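So the structure is just underneath, and the comments pick up after that.
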Amino acid sequence: MLALPITLAALATLFSTGSATCYWPTGNETYSRDATEHMRCSNDTTSPLHTICCALNRTNLSGGDIKDGRTNDVCLPNGICQNKVLNHGTLQVSYWRETCTEQDWKKGLCLDVCSDDWTSGNGTTGAIMTPCDGTAGSLRWCCGVDTSCCKDDKKVKLIPFEFRGAIPNTAAASSAPWPIATSPSSQGDDDGLSTGAKAGIGVSAGIGGLALVGLGFMLARRTAGRNARQEQPKVEETETRGPTPPEKTVYRYELEPGTRAELPYSPHDPHLAAAKAESAELP
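Under mature numbering (1 follows the signal peptide of the UniProt record, and there is no 0), read the sequence shown as residues -20 to -1, 1 to 263, first letter to last.
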């Protein structure tokens, strides 16, 4: 029953990739078992991986038990072939620079790294590679079996997350002719900025935000003060108006001719007081 899923998976791999002649960095064709196992990573002619070959035509799937034979590779976006195998209960992961559909590797269509005699022996075998940060999305890779090779600049290669063509000879290259794509979350903090740089950016952003808040507060106060000064005269006019004064007493000499009015009585008027005194003396 297990043979059916394995067969279906193998058929799916054949349909998703394509058979093609793959070449080693020396220009030699793959031969023997490699000739049937190595296939191009993509059938899409617009994909850079169209020229990259990995061991995709094995019956033992990626992550399978080593007792069942060599496992299939997985094509990474950067052109490196990832291999996973279960060895006595332990999952072992390795990375390889394999082959290319272009016989002339100098055209820039192949992942031409770790192809010197001192890294790959006779130039007709795959070269094992190690990510310097321990992840498949690493930017820095070295030609060797462990991270100790990352200390040697001659063995370190800068490989973008997505394969775009020719790779600089060493990690000392100041710039790359290809754009470096954003790496996945598995890369962690390895995004080209140091922790100090990130902290500086964060502090600067915080200070800038506080400055904007302060400026907004000052403008708001200034606007409020201007509005208060414009409304102040109206308030003073209302306050100085005061209460309505009492009705004024009108005397006869102030009236127009023909208008009659009674004079108000006042105990302090001397003429009225004298008249009342005379009336009191009459028999």
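Glycine included, every Cβ here is placed at the ideal spot set by N, Cα and C. The model shown is predicted, which means the values in this text are computed figures rather than measured ones.
What residues match up with residue i in a beta bridge as DSSP calls it?
{"i": "residue 53", "result": "63"}
{"i": "residue 33", "result": "20, 79"}
{"i": "residue 121", "result": "111, 137"}
{"i": "residue -2", "result": "DSSP output for residue -2 lists no bridge partner at all."}
{"i": "residue 9", "result": "3"}
{"i": "residue 45", "result": "66"}
{"i": "residue 89", "result": "Beta-bridge pairing links residue 89 to no other residue."}
{"i": "residue 40", "result": "51"}
{"i": "residue 74", "result": "63"}
Assuming contact is defined by CB atoms lying nearer than 9 angstroms, are residue i and residue j in contact in what I supplied?
{"i": "residue 110", "j": "residue 75", "result": "yes"}
{"i": "residue 116", "j": "residue 72", "result": "no"}
{"i": "residue 139", "j": "residue 59", "result": "yes"}
{"i": "residue 5", "j": "residue 90", "result": "yes"}
{"i": "residue -2", "j": "residue 19", "result": "yes"}
{"i": "residue 70", "j": "residue 33", "result": "no"}
When you compare each of the options to residue i by their alpha carbons, which one comes out closest?
{"i": "residue 2", "options": "25, 26, 24, 30", "result": "30"}
{"i": "residue 136", "options": "124, 195, 142", "result": "124"}
{"i": "residue 68", "options": "119, 55, 33, 46", "result": "46"}
{"i": "residue 28", "options": "112, 20, 143", "result": "143"}
{"i": "residue 66", "options": "44, 56, 84", "result": "44"}
{"i": "residue 141", "options": "34, 14, 56, 8", "result": "56"}
{"i": "residue 96", "options": "12, 196, 134, 201", "result": "134"}
{"i": "residue 107", "options": "131, 79, 83", "result": "79"}
{"i": "residue 7", "options": "131, 83, 33, 192", "result": "83"}
{"i": "residue 22", "options": "118, 199, 195, 35", "result": "35"}
{"i": "residue 49", "options": "13, 114, 24, 86", "result": "13"}
Rounded to the nearest angstrom, how far is the Cβ of residue i from that of residue j, given a contact under 8 angstroms?
{"i": "residue 51", "j": "residue 64", "result": "6 angstroms"}
{"i": "residue 77", "j": "residue 54", "result": "Going by Cβ atoms, the distance from residue 77 to residue 54 rounds to 14 angstroms, so no, they are not a contact pair."}
{"i": "residue 40", "j": "residue 16", "result": "Incorrect: roughly 14 angstroms between the Cβ atoms, too far for contact."}
{"i": "residue 112", "j": "residue 120", "result": "4 angstroms"}
Do we get a CB-CB distance below 9 angstroms when we pair residue i with the residues of chain C?
{"i": "residue 200", "result": "Included in the structure is just one protein chain, with no chain C present."}
I'd like to confirm something about residue i: is its beta-carbon nearer than 8 angstroms to some heavy atom of the ligand ATP, or not?
{"i": "residue 10", "result": "In terms of ligand content, the structure shown is empty, and the ligand ATP therefore cannot be addressed."}
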